[in-house]
Amino acid sequence: MGNEAANWAYAEDFLVEDRVILSARDAADELGCVPVLPGAGQALQVLARALDARHVVEIGTGAGVSTTYLLRGMNPAGVITTIDREAEHHKAARRTLADAGFAPERARMITGRALEVLPRLTDGGYDLVLIDARKVEYPMYLEHALRLLRPGGMVAIDNALWHGRVPDPAQRDEETTAVRMTLKAIREDESLTTVLLTAGDGLCVAMTAR
Ligand SMILES: C[S@@+](CC[C@H](N)C(=O)[O-])C[C@H]1O[C@@H](n2cnc3c(N)ncnc32)[C@H](O)[C@@H]1O
């Protein structure tokens, strides 16, 4: 044990975020929502690029930080379906995506509660699902994500370490327990190929069977 904190900080600062992402972070700050940290955003961009993703679902748009990272990795013809219950957040995300140079048709923004919207999305129709909305609903988001993914698709769960609370057995609040239950369900699903990355606030990535 020794340099973990310094290693983590070095990795988070490894790539410099551009003006678009930094101004989306300012917008998120004004709205009081917390975007993915740089390491998680960059991992999402690489995953979307590796999959050459054309169809992505994002649960929790915020001001569009993760949306921008994902779109930057996706196939240039790809469309992201992004869900948020706050119309104000979608408005800010639309400004972010325009600022990043993406045509409006690249993002289908659905304003509503995730658990009401997700059942309307097509089974097996998506390459990648990002989970980043209400922590207590994570186990249910996971069930939907596994239904929505095509064979060989990926689910990514942000805040998988939830500010260090998930690994600490003394933390038993509702949100931490829900994130922990989600990770347990993933770990116990032998059909998934899984990694828990320490990037950002923890990003758990699981790939469905071929
Ligand atoms: C952590 S922020 C998302 C940050 C975003 N992924 C990013 O990196 O910029 C969580 C978002 O989920 C939304 N949210 C919270 N509960 C929700 C729910 N039940 N259904 C849909 N969206 C929800 C909030 O309005 C907020 O914008």
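In the numbering used here, the protein residues as written are 25 to 234.
We treat Cβ as the ideally placed atom computed from N, Cα and C, and that holds for glycine.
With a Cβ-Cβ cutoff of 8 Å, do I83 and A157 count as a contact?
-> As a position in the sequence shown, residue 83 is number 59, starting the count at 1. As a position in the sequence shown, residue 157 is number 133, starting the count at 1. The Cβ-Cβ distance between I83 and A157 falls below 8 Å.
Taking 7 Å as the cut-off, does the CB of R158 come closer than this to any heavy atom belonging to ligand 1?
-> Sequence index remark: in the sequence shown, residue 158 carries index 134 (1-based). The answer is yes for R158.
What beta strand (DSSP E) runs, 3 residues minimum, are completely inside the stretch 43 to 115?
-> Whole beta strand (DSSP E) segments, 3+ residues: 79 to 83 and 103 to 108.
Should the stretch 59 to 68 be regarded as contacting the stretch 209 to 227, the criterion being three or more beta carbon pairs within less than 8 Å?
-> Yes: the two stretches touch, three or more of their Cβ pairs being nearer than 8 Å.
Closest to L216 by CA distance: which of V40, E199, P175 and L185 is it?
-> Counting from 1 along the sequence shown, the entry for residue 216 is found at position 192. Considering only V40, E199, P175 and L185, the residue with the shortest C-alpha distance to L216 is P175.
Give me the Cβ distance between G97 and L55, rounded to the nearest whole Å; I'm assuming they're in contact under 8 Å.
-> Locating residue 97 in the sequence shown gives position 73, where the first residue counts as 1. Locating residue 55 in the sequence shown gives position 31, where the first residue counts as 1. Contact check for G97 and L55: beta-carbon distance about 24 Å, past the 8 Å limit, so the pair fails to qualify.
Applying the criterion that 16 or more other CB atoms from any shown protein chain within 10 Å of the CB defines a buried residue, is E161 buried or exposed?
-> Residue mapping note: residue 161 aligns to position 137 of the sequence shown, counting from 1. Label assigned to E161: buried.
Confirm the yes/no value for this check: CB of H113, any heavy atom of ligand 1, distance under 7 Å.
-> Here residue 113 refers to the residue found at position 89 when the sequence shown is read from its first residue. With a cutoff of 7 Å, H113 counts as near ligand 1, since its C-beta is closer than that to a heavy atom of the ligand.
Are the beta-carbon atoms of Q69 and L46 separated by less than 8 Å?
-> Indexing the sequence shown from 1 puts residue 69 at position 45. Indexing the sequence shown from 1 puts residue 46 at position 22. One thing to note: Q69 has its Cβ no nearer than 8 Å to the Cβ of L46.
Taking just the CA atoms, how far does Y150 sit from L173?
-> Against the sequence shown, residue 173 aligns to sequence position 149. Against the sequence shown, residue 150 aligns to sequence position 126. Going by the C-alpha atoms only, they are around 5 Å apart.
Spatial neighbours of A230 within its chain, please: CB distance less than 6 Å, with the 5 preceding and 5 following residues excluded, ordered by chain position.
-> On the sequence shown, position 206 is the one that residue 230 refers to. Within its own chain, the residues whose Cβ lies closer than 6 Å to the Cβ of A230, once the five positions on either side in sequence are excluded, are V179, I210, L216 and T218, listed in chain order.
When burial is assigned at 16 or more other CB atoms within 10 Å of the CB, is T159 buried or exposed?
-> Your numbering for residue 159 matches position 135 in the sequence shown. Looking at the sequence itself, residue 159 is Lys, so the reference to Thr does not match. K159 is buried by the Cβ-count criterion.
Have a look at Y34 and Q66 and give me their C-alpha separation to the nearest angstrom.
-> In the sequence shown, the residue the question calls residue 34 occupies position 10. In the sequence shown, the residue the question calls residue 66 occupies position 42. The straight-line gap from Cα to Cα measures roughly 14 Å.
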